[in-house]
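J.: Read left to right, the sequence shown gives residues -18 to -1, 1 to 181 (mature numbering (1 follows the signal peptide of the UniProt record, and there is no 0)).
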Amino acid sequence: MKKILLACITIMLMLASACGNVEMTSNPNNSSEPKPETDESIIPENTSEYCTVERINLDSETEKYFYGTWKVEKLLGFANSYNDASEYPTGQKFIGDELIIKKDFFSSKGLKNYKKYQYELKNPLYEISATCDNSLAFYRLYKIDIPDLNENDVVKVIDISDPSTKMLIPVGLSFFVVNNDRLILLSEATIFELKKITD
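#1: What span of residues does the beta strand (DSSP E) with residue 112 cover, start to end?
#2: Express the C-alpha separation of residue 102 and residue 82 in angstroms, rounding to a whole number.
#3: How would you label residue 165, buried or exposed, when you count the other beta carbons within 10 angstroms and need 16 or more for buried?
#4: Run through DSSP, which three-state label would residue -4 get?
#5: Helix, strand or coil for residue 122? Go by DSSP, reduced to three states.
#6: Which residue's Cα is closest to the Cα of residue 124: 84, 137, 176?
#7: Which residues mark the beginning and the end of the beta strand (DSSP E) in which residue 178 is found?
#8: When you compare the CB positions of residue 179 and residue 52, do they come within less than 9 Å of one another, or not?
#9: Just verifying my parser: in three-state terms, what is the DSSP assignment at residue 148?
#10: For a quick check, are the C-beta atoms of residue 32 and residue 181 less than 9 Å apart?
#11: In this structure, does DSSP put residue 56 in helix, strand or coil?
Written out as structure tokens, the structure reads:
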């Protein structure tokens, strides 16, 4: 019995010693070989896989870009989750309509063909509800493929609320600011590009 116990202990010590040697020799930090340099031109700038989801006030750069009178310029397509093509086959009911987005005033009454979008609000609360550092992160969160969205584009999702009720308005409309140089409107599941006509 003592011989079997002694043999087991010897085997365990040999295994423990071998494991320690493997760990020591495979540790890349102990390697004296130089580390290969990476070519930074092939590494994407924004590598976050997920969006930052938190409500924050608009930063000054986004405010400057976002505030103004906007015209619905063109239909970009439809969200993957649901296709509104039966109602908006060419976006004809929105193209040319206008939205007013000012620091102290918001109006979607320029979307004339839809009664449910008729909002006017004094002193609206504008917030960034999510920031996506690249197109993949944006797609992961929203499952919306915005045409011409480049890999490293930063997309900020803007919410507009009534300051007294904190309710989002207008229901059914979403705004996406891309790199503070492009404004996208999502109506239900239809994607439009907006063009600023006045500051």
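All residues carry an ideal CB built from backbone N, CA and C; glycine is no exception.
T.: Put simply:
#1: Against the sequence shown, residue 112 aligns to sequence position 130. Taken as a continuous stretch (DSSP letters only), the beta strand (DSSP E) holding residue 112 covers 107 to 114.
#2: On the sequence shown, residue 82 is found 100 positions in, with the first residue counted as 1. On the sequence shown, residue 102 is found 120 positions in, with the first residue counted as 1. Cα to Cα, the separation comes out at about 9 Å.
#3: If you number the sequence shown from 1, residue 165 lands on position 183. When all chains shown are included, residue 165 counts as buried.
#4: The residue labelled residue -4 in the question sits at position 15 within the sequence shown. In this predicted model, residue -4 has a pLDDT of only 47, less than 50, meaning its place in the structure is not dependable; the value taken from the coordinates is given anyway. Correct three-state label for residue -4: helix.
#5: Here residue 122 is taken as the residue at index 140 of the sequence shown, counted from 1. For residue 122, the three-state secondary structure derived from DSSP is helix.
#6: One-based indexing of the sequence shown puts residue 124 at position 142. For residue 124, the nearest C-alpha among the options comes from 137.
#7: The count along the sequence shown starts at 1 and reaches residue 178 at position 196. Counting along the chain, the beta strand (DSSP E) containing residue 178 begins and ends at 172 to 180.
#8: Within the sequence shown, the letter at position 197 stands for residue 179. Within the sequence shown, the letter at position 70 stands for residue 52. For residue 179 and residue 52, yes; Cβs fall inside 9 Å.
#9: In the sequence shown, counting from the first residue as 1, residue 148 sits at position 166. Note: residue 148 maps to coil in three-state DSSP.
#10: Taking the sequence shown and counting its residues from 1, one reaches residue 32 at position 50. Taking the sequence shown and counting its residues from 1, one reaches residue 181 at position 199. Their beta carbons are not under 9 Å apart, which means residue 32 does not touch residue 181 by this criterion.
#11: Here residue 56 is taken as the residue at index 74 of the sequence shown, counted from 1. Reduced to three states, the DSSP call for residue 56 is strand.
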